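Participant:
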């Protein structure tokens, strides 16, 4: 008979049980009068996994097309505008080529019709000016009228081109391409409202400038220097007012095309979108105009330089006239090439500025992100006329799927 540790263990038990927690193991030993060695430390934990750095604590917004679907920086807008042109050159550059060419040819015809006034100024001698001062005033009036008509045609055509290219850029936001025919079919019903907007914008903006200018002319003729100074101040105020109106109305063209609304509703919509961020919108428009102007100037300068040498040694009035018209033709060619490259950029930036203002003012980026997620899941894409609807993010849903 055995007792103590030598007795048989119960069935299912090991012959030797592990020591209690903290007790020395079976191989540990301490001399009499000494403390037993400390137990081994518990197993350590591995290093914490490193999370990817994201200052906002959320995954980056999707970028299915030319821009990330979040409020945009000016760099995003410029890069997105270039990406839209590169991704869809036929629609952007092709439409720009058609509109710009027609516009420049009309402007050339207007300038040619008023060219006689310029030739009169070139051929007037000092005696004629002294004897008949009305001659030079008539020539100046002809030049001014031709320049204003050309400018009005240019402004209206740019409003129409911006509206047509808006549909192209609106599709490029989701990485979709569109042909010239598709762009025209989507905006054909919007051309008349765009023309109305361009005409109204021209009358409002240039009317503020032209009226004080005419008042200055009258003041110089009849009222003297003091009145001239007063009306000059009015002209400066008119320019400031024109810039203010142009900035506030700058997003109306995109609203006409993407939201399918009328002219006055689009103007009111643009006023509301620009509200609270006027100076940022103005700065972006100004910088865009500077960039586009530099591109057009760099391309058109060689043509204008060559044109200045034409007819330089002319000896007869006929040679002067021929050289003048040829230099105008060269300048028109340079303007067409520069406009084809610069106008799609300006139109794309304007459309992306409209999208940015909706993201900031209406949280429209959430609507675009939801649409991108639905497309990734294979859902039928929402039509542009429904996706860009101003109430789409607050309960509005399209009546049915849209087929591109």
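Numbering (this note's numbering), first residue to last: 4 to 407. Don't be surprised by glycine CBs; every beta carbon is placed ideally from N, CA and C. Since the structure is predicted, the reported quantities are computational estimates derived from the model, not experimental observations.
1. Are three or more beta carbon pairs between the stretch 295-311 and the stretch 336-348 nearer than 8 angstroms?
2. If you compare alpha carbons, which of 310, 358, 256 is closest to residue 196?
3. Who are the near neighbours of residue 163 in its chain, counting only those whose CB is closer than 7 angstroms to its CB and skipping five residues on each side?
4. Name the two residues that bound the continuous alpha helix (DSSP H) containing residue 376.
5. Under 6 angstroms Cβ to Cβ from residue 357, same chain only, skipping five residues before and after it: list those, please.
6. How many angstroms separate the CA atom of residue 1 from the CA atom of residue 158?
7. Residue 79 by DSSP, collapsed to three states: which one?
8. Tell me whether residue 151 sits in a helix, a strand or coil according to DSSP, three-state version.
9. Here's the rule: buried if 16 or more other CB atoms are within 10 angstroms of the residue's CB, otherwise exposed. What is residue 282?
10. Please check the pair residue 67 and residue 177, which I expect to be a contact at CB under 8 angstroms, by giving their CB distance rounded to whole angstroms.
11. Candidates 288, 187, 63, 211: which alpha carbon is nearest residue 244's?
12. Please classify residue 63 as buried or exposed, where buried requires at least 16 neighbouring CB atoms within 10 angstroms.
13. Is the stretch 274-288 in contact with the stretch 246-253, if contact means three or more CB pairs nearer than 8 angstroms?
14. Have a look at residue 309 and residue 326 and give me their C-alpha separation to the nearest angstrom.
15. Measuring CA to CA, which of 181, 187, 337, 313 is closest to residue 91?
16. Buried or exposed: where does residue 306 fall if 16 or more other Cβ atoms within 10 Å of its Cβ makes it buried?
17. Under a three-way DSSP split, which group does residue 391 fall into?
18. Buried or exposed: which applies to residue 276, given that a residue is buried once 16 or more other Cβ atoms fall within 10 Å of its Cβ?
19. If you run the structure through DSSP and keep just helix, strand and coil, what is residue 207?
20. When you compare only the Cα positions, how much space is there between residue 114 and residue 259?
21. Which residues mark the beginning and the end of the alpha helix (DSSP H) in which residue 286 is found?
22. Give the straight-line distance between the Cα atoms of residue 106 and residue 372, rounded to the nearest whole angstrom.
23. Please classify residue 180: does DSSP put it in a helix, a strand, or coil?
24. Alpha carbon to alpha carbon, how far is residue 110 from residue 376? Give it in angstroms, no decimals.
25. Apart from the five residues on each side of it in sequence, which residues of its chain come closer than 8 angstroms, Cβ to Cβ, to residue 184?
26. Helix, strand or coil: how does DSSP classify residue 237 here?
27. On the criterion of 16 or more Cβ atoms from any shown chain inside 10 Å, does residue 370 qualify as buried, or is it exposed?
28. Could you check which residue in 292, 192, 118, 97 has the C-alpha nearest to that of residue 329?
29. With distances taken from CA atoms, which of 263, 217, 267, 175 is nearest residue 241?
30. In the DSSP assignment, find the unbroken alpha helix (DSSP H) run with residue 275 in it and report its ends.
31. With a CB to CB cut of under 7 angstroms and the five nearest residues on each side skipped, what residues in its chain are close to residue 295?
32. Return the CA-CA distance between residue 169 and residue 233, expressed in angstroms with no decimal places.
33. Distance check for residue 167 and residue 331, CA to CA, integer angstroms please.
Facilitator: This is what the structure gives:
1. Under the Cβ criterion (8 angstroms, minimum of three pairs), the stretch 295-311 counts as touching the stretch 336-348.
2. Comparing Cα positions, the closest option is 256.
3. Same-chain partners within the cutoff: 102, 194, 197, 198, 201.
4. Note, residue 376: alpha helix (DSSP H), 367-379.
5. Cβ neighbours of residue 357 beyond the five flanking positions: 254, 257.
6. There is simply no residue 1 to check, as the chain begins at 4 and stops at 407 in what is shown.
7. DSSP places residue 79 within a helical segment (H, G or I) once states are collapsed to three.
8. In the structure shown, the three-state DSSP call for residue 151 is helix.
9. By the neighbour-count criterion, in which 16 or more other beta carbons inside 10 Å mark a residue as buried, residue 282 falls on the exposed side.
10. Indeed, because the Cβ distance is near 5 angstroms, the residues count as touching under 8 angstroms.
11. When 288, 187, 63, 211 are compared, the shortest CA-CA separation from residue 244 is found for 211.
12. A residue is called buried once 16 or more other Cβ atoms fall within 10 Å of its Cβ, and residue 63, having fewer, is exposed.
13. The stretch 274-288 and the stretch 246-253 touch, with no fewer than 3 CB-CB distances between them shorter than 8 angstroms.
14. Cα to Cα, residue 309 sits roughly 11 angstroms from residue 326.
15. Out of 181, 187, 337, 313, 181 has the C-alpha closest to the C-alpha of residue 91.
16. Per the 10 Å Cβ criterion, buried.
17. Residue 391 falls in the coil class under three-state DSSP.
18. It is buried - the Cβ of residue 276 has at least 16 other Cβ atoms within 10 Å.
19. Reduced to three states, the DSSP call for residue 207 is helix.
20. So the two alpha carbons sit approximately 32 angstroms from each other.
21. Run containing residue 286: 281-312, per the alpha helix (DSSP H) assignment.
22. Taking the straight line from one Cα to the other gives about 38 angstroms.
23. Annotated three-state conformation of residue 180 is coil, per DSSP.
24. Cα-Cα distance, rounded: 47 angstroms.
25. Cβ neighbours of residue 184 within its own chain (closer than 8 angstroms, five residues either side excluded): none.
26. Note: residue 237 maps to helix in three-state DSSP.
27. Residue burial annotation: residue 370 is buried, with at least 16 other C-beta atoms found within 10 angstroms of its C-beta.
28. By alpha-carbon distance to residue 329, the top candidate from 292, 192, 118, 97 is 118.
29. The closest CA to that of residue 241, considering only 263, 217, 267, 175, is found on 217.
30. For residue 275, the enclosing alpha helix (DSSP H) stretches over residues 266-277.
31. Same-chain partners within the cutoff: 345, 348, 349.
32. Rounded to whole angstroms, residue 169 and residue 233 show a C-alpha spacing of 42 angstroms.
33. One C-alpha to the other measures close to 29 angstroms.
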